[in-house]
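Chemist: Numbering (the working numbering), first residue to last: 115 to 364. Every residue gets a Cβ at the ideal spot worked out from N, C-alpha and C, and that includes glycine. On a predicted model such as this, the values are computed, not experimentally measured, just so you know. Please read through the structure below; I'll follow up with questions.
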Amino acid sequence: MKQLIPLFLFLCGYGAFAQTAVVNPRYQKSLWMFNLTYKAAVPAGSLALRYGYANGMGIDLYYKTKNNFLFGINANAYFGKHVRDINYINFLKDEHGFVFSDDGTPVYLTASMRGSQLQGAFGKLFPVFKKKPQLALLFQAGAGFMQHKYLFSAPNSLQFSKAYLKGYDRLSNGFALNEEAGICHLGLKKLINFNIGLEITEAFTKNRRYYDYATQATDTKTYLDIWVALKCCWVLPLKTHDKNEPVYFK
């Protein structure tokens, strides 16, 4: 019997240290989540003919049910200095490629892009990592509205004043679909919560300007504009977990 006592103590100690938490209380309760979002976006489809790499900043508001279903709304703004296919504004320059201010002096012309996206989203979290209860797989889809345009700036130049910009900014917008797959981390500490994933947005857009100064016509085509983005979110749960609440073990 005395020989069995050390073996019994060893097994008890091993069992205590070998236990792995497989239930995170935050994945068992409903809560609101407010996200601050950053996107590193690359264009595809028709959008790649106009722009290059762009940044995105936004906010999300989600409600997570006890069954880990997500219902939310996303709002994002895109901006970037990598633009393509802007030779159509050459008609505004002189034979030496200069743009002039109102007093006749040459000015430096800058071009960039601006965009925005607003959508509703539906998704689900799958906390399937037994040894990492703070992690869950995230899958979601959404639908909404996306738009983008060129932004030109030439200080003190009448040609690029607000009165004329609509003639060549080629503002385009339309219905958009969105899909995302990634990882969600909801830790037991209040601030260590985040999402990271791959997001794809497809928008069916049209040029919304009635008249284009460069082509001297109206563009009536429909375009397929795509953003492929690495999306990172800092998640702020609005209903936090009580640190004194037990974590269950299996």
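Might you give, ordered along the chain, the residues of its own chain that have their beta carbon closer than 6 Å to the beta carbon of residue 293, omitting 5 neighbours on each side?
Modeler: Residue mapping note: residue 293 aligns to position 179 of the sequence shown, counting from 1. Same-chain partners within the cutoff: 255, 314.
Chemist: Could you check the C-alpha separation between residue 277 and residue 264 for me, to the nearest Å?
Modeler: Reading the sequence shown from its first residue, position 163 is the one you call residue 277. Reading the sequence shown from its first residue, position 150 is the one you call residue 264. Approximately 15 Å between the Cα atoms of the pair.
Chemist: Please work out which residues of its chain come closer than 7 Å, Cβ to Cβ, to residue 333, disregarding the five sequence neighbours upstream and downstream, and give them in chain order.
Modeler: Mapped onto the sequence shown, residue 333 falls at position 219. Answer for residue 333: 321, 326, listed in chain order.
Chemist: Pick helix, strand or coil for residue 345, following the three-state DSSP scheme.
Modeler: Here the question's residue 345 lines up with position 231 in the sequence shown. DSSP places residue 345 in strand when its eight states are reduced to three.
Chemist: Please determine, among 205, 339, 269, the residue with the shortest C-alpha to C-alpha distance to residue 281.
Modeler: Residue 281 sits at position 167 when you count from the first residue of the sequence shown. Among 205, 339, 269, the Cα nearest to that of residue 281 belongs to 205.
Chemist: Between the Cα of residue 283 and those of 317, 341, 146, 324, spot the shortest distance and give me the residue it belongs to.
Modeler: Counting from 1 along the sequence shown, the entry for residue 283 is found at position 169. For the residues 317, 341, 146, 324, the minimum Cα distance to residue 283 belongs to 324.
Chemist: Does the count of Cβ pairs from the segment 135-154 and the segment 174-186 closer than 8 Å reach three?
Modeler: Because the criterion of three Cβ pairs below 8 Å is met, the segment 135-154 and the segment 174-186 touch.
Chemist: Please report the distance separating the alpha-carbon of residue 274 from that of residue 213.
Modeler: Residue 274 sits at position 160 when you count from the first residue of the sequence shown. Residue 213 sits at position 99 when you count from the first residue of the sequence shown. Cα to Cα, the separation comes out at about 10 Å.
Chemist: For residue 168, report the span of its beta strand (DSSP E) as first-last.
Modeler: Taking the sequence shown and counting its residues from 1, the one referred to as residue 168 is at position 54. Note, residue 168: beta strand (DSSP E), 168-178.
Chemist: DSSP state of residue 205, grouped into three classes?
Modeler: Looking up residue 205 in the sequence shown gives position 91. Helix at residue 205.
Chemist: Got a sec? Which residues, its chain only, sit under 7 Å from residue 301 by beta carbon, not counting five neighbours each side?
Modeler: As a working mapping, residue 301 is identified with position 187 in the sequence shown. Around residue 301: 248, 307.
Chemist: Is it right to say residue 192 is buried, meaning 16 or more other beta carbons lie within 10 angstroms of its own, or is it exposed?
Modeler: Indexing the sequence shown from 1 puts residue 192 at position 78. It is buried - the Cβ of residue 192 has at least 16 other Cβ atoms within 10 Å.
Chemist: So, helix, strand or coil for residue 226, using DSSP?
Modeler: The residue labelled residue 226 in the question sits at position 112 within the sequence shown. Strand.
Chemist: In chain order, what residues of the same chain lie with their CB nearer than 7 Å to the CB of residue 234, ignoring the 5 residues before and after it?
Modeler: Mapped onto the sequence shown, residue 234 falls at position 120. Excluding residues within five positions, the ones whose Cβ falls inside 7 Å are 187, 256, 257, 258.
Chemist: Can you tell me which residues form a DSSP beta bridge with residue 367?
Modeler: For residue 367 there is no data in the structure shown, the boundaries of the chain being 115 and 364.
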